[in-house]
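S.K.:
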Amino acid sequence: MGPEMAELARTAGTTMVTLMATQAWESTREGVLALWQRFQPDRADTVGGELEATREDLLLARESGDTDTEAELTAEWQARLRRLLVARPEVADELRRILAELNPESPQAHTAVDVRLRAEVSGSGRVYQAGRDQHITER
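Take 1 as the starting number for the sequence shown in full-length UniProt numbering and just add one per residue.
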């Protein structure tokens, strides 16, 4: 599998799991099931059950702030999609179409956002602020 297909599997898995907790869940489910029904119909019912179970696990994880479980669920779907792409490379175009329908705004379409952060600290307090992702490792 080439890097483009691997990236497609990563992007699709991440997008799917992210959308499971949104109002786009039904569209996401329908698109993914249609993909399996078309390319691996014998697995479609199983995949439908796995989608439902993943969504339930994801919602519970988000309620409890369990980011590890969300990351594991994302990795599981990335792997499933990667295996499907390896077995049936012709899935790629259909998967790209489904992703475009689920997320019509490409990353290039996002406009700049003015982020203003303000913090006050006293004593030996610390402040960590970010306009987007932030990773802190303290020892």
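From the three backbone atoms N, C-alpha and C, an ideal C-beta is built for every residue, glycine too. Bear in mind the structure is a predicted one, so any value in this text is a computation, not a measurement.
Would you mind working out which of Ala53, Glu138, Gly125 and Met20 sits nearest asparagine 103, comparing C-alpha positions?
M.R.: The residue labelled residue 103 in the question sits at position 103 within the sequence shown. When only C-alpha atoms are compared, the closest one is Met20.
S.K.: Go to residue 165, then tell me how far its alpha helix (DSSP H) extends in each direction, as first and last residue.
M.R.: Nothing can be reported for residue 165, as the shown portion of the chain is limited to 1 through 139.
S.K.: From threonine 54 to proline 89, what distance separates their C-alpha atoms?
M.R.: Within the sequence shown, residue 54 is the residue found at index 54, counting from 1. Within the sequence shown, residue 89 is the residue found at index 89, counting from 1. Whole-angstrom Cα-Cα distance: 25 angstroms.
S.K.: Whole angstroms are fine: how far does the CA of alanine 61 sit from the CA of valine 127?
M.R.: Working through the sequence shown from its first residue, we reach residue 127 at position 127. Working through the sequence shown from its first residue, we reach residue 61 at position 61. Spanning the two alpha carbons is a distance of roughly 27 angstroms.
S.K.: Between the Cα of glutamate 4 and those of Ser122, Leu85 and Ala71, spot the shortest distance and give me the residue it belongs to.
M.R.: Residue numbering aside, residue 4 sits at position 4 when the sequence shown is read from its first letter. Comparing Cα-Cα distances from glutamate 4 to each of Ser122, Leu85 and Ala71, the minimum goes to Leu85.
S.K.: Can you tell me whether glutamine 134 is helix, strand or coil according to DSSP?
M.R.: Taking the sequence shown and counting its residues from 1, one reaches residue 134 at position 134. Reduced to three states, the DSSP call for glutamine 134 is coil.
S.K.: What is the C-beta distance between leucine 33 and valine 47, in whole angstroms, given that I count them as a contact (C-beta under 8 angstroms)?
M.R.: In the sequence shown, counting from the first residue as 1, residue 33 sits at position 33. In the sequence shown, counting from the first residue as 1, residue 47 sits at position 47. 7 angstroms between Cβ atoms; contact.
S.K.: Which residue's Cα is closest to the Cα of glutamine 40: Gly131, Ala71, Leu117 and Ala87?
M.R.: As a first step, residue 40 must be located in the sequence shown, where it is residue number 40. Checking every option, the nearest Cα to that of glutamine 40 belongs to Ala87.
S.K.: Inspect the beta-carbon positions of threonine 15 and leucine 99 and report whether they are closer than 7 angstroms.
M.R.: For the purposes of this step, residue 15 is taken as residue 15 along the sequence shown, with counting starting at 1. For the purposes of this step, residue 99 is taken as residue 99 along the sequence shown, with counting starting at 1. Between threonine 15 and leucine 99, the C-beta spacing is below 7 angstroms.
S.K.: Distance check for aspartate 133 and residue 141, CA to CA, integer angstroms please.
M.R.: Residue 141 lies beyond the residue range present for the chain, which begins at 1 and ends at 139; the question has no answer from this structure.
S.K.: Could you check what DSSP says for glutamine 129 in three-state terms: helix, strand or coil?
M.R.: Here residue 129 corresponds to residue number 129 of the sequence shown, with the count starting at 1. Here glutamine 129 sits in coil by DSSP.
S.K.: Please check the pair arginine 96 and leucine 8, which I expect to be a contact at CB under 8 angstroms, by giving their CB distance rounded to whole angstroms.
M.R.: The residue labelled residue 96 in the question sits at position 96 within the sequence shown. The residue labelled residue 8 in the question sits at position 8 within the sequence shown. Their Cβ separation, rounded to whole angstroms, is 7 angstroms, which keeps arginine 96 and leucine 8 in contact under 8 angstroms.
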